[in-house]
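Report on one structure; see the data block that follows.
Protein chains in written order, with the numbering used here: chain A, 566 to 873; chain B, 566 to 873.
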């Protein structure tokens with residue numbers, strides 16, 4: 566991978582004499598508040614005008630500024646309604662004292678996210694933001710404008726959002742839109758350093774780019790744009806399929822429903838088919854959650870499931 | 566965040582005149598094959614001796630080389646048994662034609678992973694690798710040795726592995742061990758640029774570091790060590806709690822079981838409580854999966870669940 570060292574404009578600070586693969590991520594300061602109707606490509610282009618963008622660079626922008634420019638703003642009083650409107654399918658819910666229930670749902674874009682990705686931070690008072698209508702299309706438009714402005718052939722664009730995960734605490738940024746970059750590096754057919762087939766087959770490159778950019782941008786700084794240099798091997802000269810391909814198909818999704826929801830549906834199905842009761846699935850779900858509380862030592866995660 | 570530009574030894578390639586937050590990740594070449602009983606800290610230290618490590622740097626190593634040095638190698642003929650032995654709890658399974666079933670399980674470390682994290686790539690012929698016994702302890706030991714060798718006060722260490730996710734295709738690297746770095750950045754109590762409380766509260770910093778390092782290391786190159794510079798604000802002078810804190814507690818986990826498994830348990834529970842049949846849960850799970858195949862157009866992900 567020594568070609569990275571020789572990339573046009575590629576950084577080399579002399580920190581090490583070894584032949585190193587190298588990645589540099591930086592987040593310029595100075596993008597002002599983005600407002601509905603703003604020309605995002607012009608604003609981002611102005612911000613990057615002094616950054617000497619090079620062929621093979623990837624420009625990463627938050628979905629937040631894309632949504633703002635695209636006017637995806639609704640009154641905050643409608644937040645719960647906005648979540649409902651963005652929801653295609655409820656995946657799991659959890660009651661929260663003094664707040665509306667947490668809703669993990671699949672949204673219009675196929676993304677499984679808490680609150681459907683409706684965002685209430687870093688938005689003007691009294692408003693919430695919806696995700697862009699088509700973040701892959703937004704990425705393509707931004708890529709076209711930046712390529713033209715800076716005269717670059719190969720330039721990648723990634724649009725990010727922040728998402729929770731099953732099984733792990735904390736949030737990471739993921740790619741919700743992409744253009745001009747390999748979003749999934751398919752290594753099937755490749756071999757490892759011992760000549761054996763690689764068992765790790767597909768790397769979610771665009772998600773890793775999103776995560777790397779978040780480390781630089783941070784959450785409270787207002788930096789919404791980052792540049793990633795050193796991914797030349799992933800940057801192509803066409804738009805590519807977009808980040809949508811990272812959404813797992815329903816037939817491959819073993820976690821299509823929350824555990825409590827699936828348990829409750831199974832219980833209710835058996836009752837419908839074999840029993841006579843009309844108890845609600847919600848009641849069964851409550852029972853399942855209570856079973857968790859009683860059957861497990863909090864946080865240990867190592868006990869068998871009740872009923873196993 | 567302009568302090569990053571002034572970090573000792575911090576790279577500045579002059580690519581932009583703006584006050585930029587900046588992250589550099591590089592992966593030196595030259596670590597040979599690691600063998601059971603090797604002194605990993607000495608090998609990694611030798612590799613990094615020419616890299617001018619600086620205060621605030623983070624050294625990222627794959628769990629693979631940690632496992633190799635710690636002798637966590639078993640004969641490949643025992644791969645399925647090794648997965649069983651590493652399993653604390655089965656989360657979800659899927660049949661695969663011509664192969665043993667895919668098993669997504671919680672392992673000894675609390676990690677939910679396919680095949681319990683047992684690894685068959687980039688290992689010597691005829692062997693598979695188990696995850697380190699205690700990757701946080703491995704990270705602490707490596708940190709202590711590297712701090713002493715290079716005379717650094719603040720140095721972070723992250724131990725990575727590659728993991729799948731619910732809902733998204735492709736794999737990303739995550740942190741399975743950590744020392745000397747803030748693994749979860751808790752922003753609760755903070756405010757956004759509009760002075761409103763931040764709704765995004767905890768960033769999984771160590772997972773984002775792992776993801777960023779994977780972009781540089783790649784999968785087929787044999788590079789197993791990376792250095793991340795520019796995270797000074799996350800690097801402390803004690804070991805910290807380790808990556809284990811990123812494992813979600815069982816009581817907070819809405820996806821503790823696969824959907825089919827939970828549905829089947831619910832179905833069977835209703836039959837036990839209200840019915841008379843003795844059909845197996847496995848049969849119900851099969852029925853659930855078949856329902857998916859019939860009730861959904863493949864890949865669309867937008868249909869209601871059968872029975873909704």
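From the three backbone atoms N, C-alpha and C, an ideal C-beta is built for every residue, glycine too.
Neighbours of residue 820(B) across chain A, judged by C-beta separation under 8 Å: 657, 731, 732, 820, 823 and 824. The beta carbons of residue 801(B) and residue 745(B) sit closer together than 8 Å. In this structure, residue 768(A) places its C-beta atom within 8 Å of the C-beta atom of residue 736(B). Counting only runs that start and end inside the segment 615 to 648 of chain A, the beta strand (DSSP E) elements of at least 3 residues fall at 623 to 627 and 638 to 640. Contact note: residue 669(A) reaches chain B through 819, using a C-beta cutoff of 7 Å and chain order. Within the same chain, Cβ atoms closer than 7 Å to the Cβ of residue 680(A) are found at 648 and 668, the five residues on either side in sequence being excluded.
Per DSSP, reduced to three states, the secondary structure at residue 598(A) is coil, with no helix or strand assignment. Out of 625(A), 602(A) and 662(A), the CA that lies nearest to the CA of residue 633(A) is found in 602(A). Residue 690(A) carries a coil assignment under DSSP once its states are collapsed to helix, strand and coil. Our two residues, residue 815(A) and residue 739(B), have alpha carbons roughly 24 Å apart in a direct line. By the C-beta density criterion, residue 642(A) is exposed, having fewer than 16 other C-beta atoms within 10 angstroms.
For chain A, the residues of the segment 734 to 749 of chain B that bring a beta carbon within less than 9 Å of one of its beta carbons are 734, 735, 736, 737, 738, 739, 748 and 749, in chain order. Under DSSP, residue 591(B) shares a beta bridge with 587(A) and 792(B). Interface with chain B (8 Å Cβ-Cβ cutoff): residue 827(A) is included. Residue pairing by DSSP places residue 706(A) opposite no residue, since no beta bridge is assigned to it. Pairing residue 697(A) with residue 637(A) gives a Cβ-Cβ distance under 8 Å.
Using a Cβ-Cβ distance cut-off of 8 Å, the segment 658 to 666 of chain B and the segment 698 to 714 of chain B are not in contact, since fewer than three pairs of beta carbons, one from each stretch, lie closer than that value. Nearest Cα to residue 798(B) within the set 699(B), 627(B) and 747(B): 747(B). Counting C-beta atoms within 10 angstroms of its own C-beta, residue 598(B) has fewer than 16 neighbours from the protein chains shown and is therefore classed as exposed.
With a threshold of 8 Å between beta carbons, residue 600(A) makes no contact with chain B. Rounded to the nearest angstrom, the Cβ distance from residue 624(B) to residue 752(B) is 26 Å, too far for a contact under 8 Å. For residue 721(B), the enclosing beta strand (DSSP E) has its first and last residue at 721 to 728. A Cβ-Cβ separation of about 5 Å places residue 777(B) in contact with residue 590(B) under the 8 Å criterion.
For the options 833(A), 794(A) and 818(A), the alpha carbon positioned closest to that of residue 588(B) is the one of 794(A). Contact residues of the segment 677 to 703 of chain A toward chain B are 677, 684, 685, 686, 687, 688, 689 and 690 (C-beta to C-beta distance below 8 Å). By the Cβ neighbour-count rule, residue 708(A) is buried, with 16 or more other Cβ atoms within 10 Å of its own. Taking a Cβ-Cβ threshold of 9 Å, the residues of chain B close to residue 768(A) are 727, 735, 736, 737, 738, 779, 780, 783 and 784, in chain order. A Cβ-Cβ separation of about 6 Å places residue 810(A) in contact with residue 749(A) under the 8 Å criterion.
The closest CA to that of residue 684(B), considering only 644(B), 656(B) and 759(B), is found on 644(B). DSSP places residue 667(A) inside the beta strand (DSSP E), whose first and last residues are 664 to 672. One Cα belongs to residue 621(B), the other to residue 796(B), and the distance between them is close to 7 Å.
For the segment 589 to 621 of chain B, the set of positions with a beta-carbon nearer than 9 Å to some beta-carbon of chain A reads 589, 590, 591, 592, 593, 594, 595, 598, 612, 613, 615, 616, 617, 618 and 619 in chain order.
Take residue 618(A), set aside five residues on each side of it, and the residues of its chain with a beta-carbon closer than 6 Å to its own are 715, in chain order. One finds nothing in chain A with a Cβ atom closer than 9 Å to the Cβ of residue 753(B); even the nearest lies about 11 Å away. Taken atom to atom, the span from the alpha-carbon of residue 779(B) to that of residue 734(A) is near 20 Å.
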